[in-house]
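Encoded as structure tokens, the structure appears first; notes follow it.
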Amino acid sequence: MRGLKNYLIGLIGLIVALTLPFYTPEGYLFLFGMLFLFLILVLSWDIIVGYTGQVNLGHTVFVGLGAYTAALLQVPSRFESFSSALASMPPQNQFLSILIGGIVAALFGAAIGFVTLRLKGYYFALVTAILPLVFIQTVYVFSDVFGGEEGFSIGLERALSQSPVVRYYVAFAVFLLCFLAMRYIVKSDLGYRFMAVRDDEELAEALGIDVVKYKVLAFTISSFFAGVAGATIVLYRITVGPDLYDIPLMLMIILSAVLGGLGTLYGPLIGGIIVYLLKNLFLKTMIPQGAFVNDEIVLYAILIAVALLSPEGLWHKIRSSLRS
Amino acid sequence: MIEDIVRILIYGAVISGMWALVSSGFTLIFGVSRILNFAHGTFFVLAAYFAITFYKSGLNLYLSVILGVLLIGALAVAIYRFLLAPIREHEVMVIIVTLALALLFEQIILLTYGEHGVSLPSFVGGVVRIYDVPVTYKRILAFVFSIAILVILEIFINKTRTGKMISAASQNYEGAMLIGINVERIFTVTMFVSAILAGFAGIFYAQIFSANPFAAIKSLIFAFAIVILGGLGSVKGSIVASFIVGYVLATTIVFLGARWAEFVVMLLIIAVLIFKPTGLFGVEE
Chain P
1 MRGLKNYLIG LIGLIVALTL PFYTPEGYLF LFGMLFLFLI LVLSWDIIVG
51 YTGQVNLGHT VFVGLGAYTA ALLQVPSRFE SFSSALASMP PQNQFLSILI
101 GGIVAALFGA AIGFVTLRLK GYYFALVTAI LPLVFIQTVY VFSDVFGGEE
151 GFSIGLERAL SQSPVVRYYV AFAVFLLCFL AMRYIVKSDL GYRFMAVRDD
201 EELAEALGID VVKYKVLAFT ISSFFAGVAG ATIVLYRITV GPDLYDIPLM
251 LMIILSAVLG GLGTLYGPLI GGIIVYLLKN LFLKTMIPQG AFVNDEIVLY
301 AILIAVALLS PEGLWHKIRS SLRS
Chain V
1 MIEDIVRILI YGAVISGMWA LVSSGFTLIF GVSRILNFAH GTFFVLAAYF
51 AITFYKSGLN LYLSVILGVL LIGALAVAIY RFLLAPIREH EVMVIIVTLA
101 LALLFEQIIL LTYGEHGVSL PSFVGGVVRI YDVPVTYKRI LAFVFSIAIL
151 VILEIFINKT RTGKMISAAS QNYEGAMLIG INVERIFTVT MFVSAILAGF
201 AGIFYAQIFS ANPFAAIKSL IFAFAIVILG GLGSVKGSIV ASFIVGYVLA
251 TTIVFLGARW AEFVVMLLII AVLIFKPTGL FGVEE
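Which chain is which? The protein sequence lines are P and V, in order. Per full-length UniProt numbering, residue 1 is the first one in the first sequence, and the count goes up by one each step. Per full-length UniProt numbering, residue 1 is the first one in the second sequence, and the count goes up by one each step.
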């Protein structure tokens, strides 16, 4: 019965997503496309934090890496001041760029994970917390290439498609592929090993699970999907900028996953939809000009309140109260 | 050349003293309660804004500074009691809540004071020239005060009864509970001490440079680098590491420019994690 109900909800979601362009104004449609790409970020963050139990505060680094990689592959001429060989490279295919964006992010993730995840305790959280600020600095220091604070535009002709409706469908397709892949991973043996590492490291080790290897693997997978999403965001919205590296985006991801419940797959999905629409549809218009609060303050306050009221995540709480 | 060396030696000492205050407070509360306080940089910058506000409303400078620091201590105690103590067992949530607090206060400061830096007048004026390098008296005073506060901290922890309890709780939390130490009270006291250490550093920082909303997160990066180098939880380690990181930063700024500071700090952290993961004085977890 439960299985049937879940399939029904999934089917309704699919139909809504596919028919959205027929009754949604263009401005909102753009937002929904962005929402799907944001959901990849939330789900991929949950793989390392919710499923493997390692607090990653630098997920946006991989979003940014994927984003800038894909953007520069579209406009290689920006490398002019750096290397003329790179600058004379022809622009690459968009879908190949998305894949390369993911791979670049995954390589960085593997390297960073290799250094920090060998150590038990808090080092991973401390180092990943610093990473976004370091990577934002690269944007300013090499502003010839990365475009500094303003970022740069890849031009509409290099976007996923010229048509906003087609771009929306591509964004949805990328989301669906990533979602199914991540769902497959967390429900496979690999996913159970990640959870074993999270629940009891010593026990997992005693069972012959190489704890460090699986932590690094989870981090690499998580980074890959963040890179894919970052690359797709750029090809979808046409511009790249340091906001994709920045901490406010990180907090949005955290809020979504915490609200939904860490390590529950569908919880973060719902949390992500609520948080993204709340921020972009309601908060911006609801808060009057000149008020003493802005949308970020409201979101941070919600995050603190949720963490205090139910440290295990709101989703767990709602579900257990529904059952009893 | 000699000027560069003098500049590095003097400026390095001044920023090292300030970062020693910040990072010893950060590592103190971590060592005692295992709370990784991402809002520590907020205490640093908010104390300066409090003092500036008191001063602008017409209060005496010394009184403004003392009130600012005490207020930040009180705020830290309130944050601990109402927000952190209930979720202390959930380590992930403690990190998330303190990070959210840091960003929340950053936005509040932005809305209240704007994004431009605000300075606090110094206790002393005047400049002395050492090998042609102008050194303001306020920098020298900040260094002297920083060292004095660290000495007082050392005496407080080693000689007073409360200090010894803090030390006991950081060595063995359950053991401290067993011999009848009220650990909840100790955590509250430690939070207060930790915050006023950061507060004093923030005051000196706002006198030499200026307080700005983004200094909270920036100061946190340097504090992280210092505690990783010194060993998480070791106050002595973080004081020694402050001087290493301070001089590395001063050298970077003199020869490469301030925008390279974060890179160099990051490289330092990675090097430490690869070659000496427990830091200089770290304890095995």
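Cβ coordinates follow ideal geometry from the N, Cα and C atoms, glycine included. In this text the structure is predicted, and so the values were computed from the model without any measurement.
Not flagged as an interface residue toward chain V: residue 253 of chain P, since no C-beta distance is shorter than 7 angstroms.
Excluding five sequence positions before and after residue 248 of chain V, the CB atoms of its chain that fall closer than 7 angstroms to its own CB belong to 264 and 268, given in chain order.
Judged by beta-carbon spacing, residue 248 of chain P lies beyond the 7 angstroms limit of residue 256 of chain P, meaning their Cβ atoms are not closer than that value. Under the three-pair Cβ rule at 8 angstroms, the segment 58 to 74 of chain V counts as touching the segment 38 to 49 of chain V. For residue 162 of chain P, no chain V residue has a C-beta closer than 8 angstroms to its own C-beta; the minimum C-beta separation is roughly 37 angstroms.
Contact of residue 97 of chain V with chain P is assigned, a C-beta pair being separated by under 7 angstroms. The CB of residue 76 of chain P never comes closer than 8 angstroms to any CB in chain V; the least such distance is about 25 angstroms.
Closest option to residue 304 of chain P, judged by alpha-carbon separation, among V/13, V/241, V/12 and V/86: V/86.
For residue 136 of chain V, the uninterrupted beta strand (DSSP E) run begins and ends at 133 to 136, by DSSP.
Shown here for residue 133 of chain P: not one same chain residue has a beta carbon closer than 7 angstroms to its own, the five before and five after excluded. Taking the CA atoms as reference points, residue 259 of chain V sits about 23 angstroms from residue 134 of chain V.
Contact check for residue 22 of chain V against residue 143 of chain V fails: the beta carbons are separated by 7 angstroms or more. Rounded to whole angstroms, the gap between the alpha carbons of residue 63 of chain P and residue 153 of chain V is 43 angstroms.
Residue 276 of chain P and residue 35 of chain P do touch by the CB rule: their CB atoms are close to 5 angstroms apart, below 8 angstroms. Assignment of residue 194 of chain V by DSSP, reduced to helix, strand and coil, places it in the helix class. Runs of alpha helix (DSSP H) with 4 or more residues, each lying fully within the segment 224 to 271 of chain P, are found at 247 to 260, listed in chain order. Rounded to whole angstroms, residue 54 of chain P and residue 312 of chain P show a C-alpha spacing of 15 angstroms.
Residue 88 of chain V: not part of any beta strand (DSSP E); DSSP gives it neither H nor E.
Residue 16 of chain V is a Cβ neighbour of residue 242 of chain V, given a cutoff of 7 angstroms. For residue 307 of chain P, the closest Cβ of chain V is nearer than 7 angstroms. Listed along the chain, the chain V residues whose CB falls inside 8 angstroms of the CB of residue 116 of chain P are 273. Shortest Cα-Cα distance from residue 80 of chain V to any of V/271, V/238, V/246 and V/185 involves V/185. Proximity of the segment 165 to 173 of chain V to the segment 186 to 203 of chain V meets the contact definition, three or more beta-carbon pairs being nearer than 8 angstroms.
Taking 7 angstroms as the threshold, the shortest C-beta distance from residue 132 of chain P to chain V does not fall below it.
The count of Cβ pairs closer than 8 angstroms, one atom from the segment 207 to 215 of chain P and one from the segment 110 to 119 of chain P, reaches three, so the stretches are in contact. Contact of residue 303 of chain P with chain V is assigned, a C-beta pair being separated by under 7 angstroms. If you draw a straight line from the Cα of residue 266 of chain V to the Cα of residue 194 of chain V, it comes to about 25 angstroms. At least one CB of chain P lies nearer than 7 angstroms to the CB of residue 100 of chain V. Note that the C-beta distance between residue 138 of chain P and residue 58 of chain P is not below 7 angstroms.
In terms of Cα proximity to residue 76 of chain P, the closest of P/97, P/61 and P/60 is P/97.
Linking residue 162 of chain V to residue 67 of chain V through their CA atoms gives a straight-line distance of about 23 angstroms. Following the DSSP letters along the chain, one finds residue 130 of chain V inside the beta strand (DSSP E) bounded by residues 127 to 130.
Bounds of the alpha helix (DSSP H) holding residue 236 of chain V are 235 to 255. Put simply, the segment 73 to 90 of chain P does not touch the segment 95 to 114 of chain V. Fewer than three CB pairs are less than 8 angstroms apart.
For residue 45 of chain V, no chain P residue has a Cβ inside 9 angstroms of its Cβ, as the nearest lies near 15 angstroms away. Residue 5 of chain P has its alpha-carbon roughly 21 angstroms from the corresponding atom of residue 19 of chain P.
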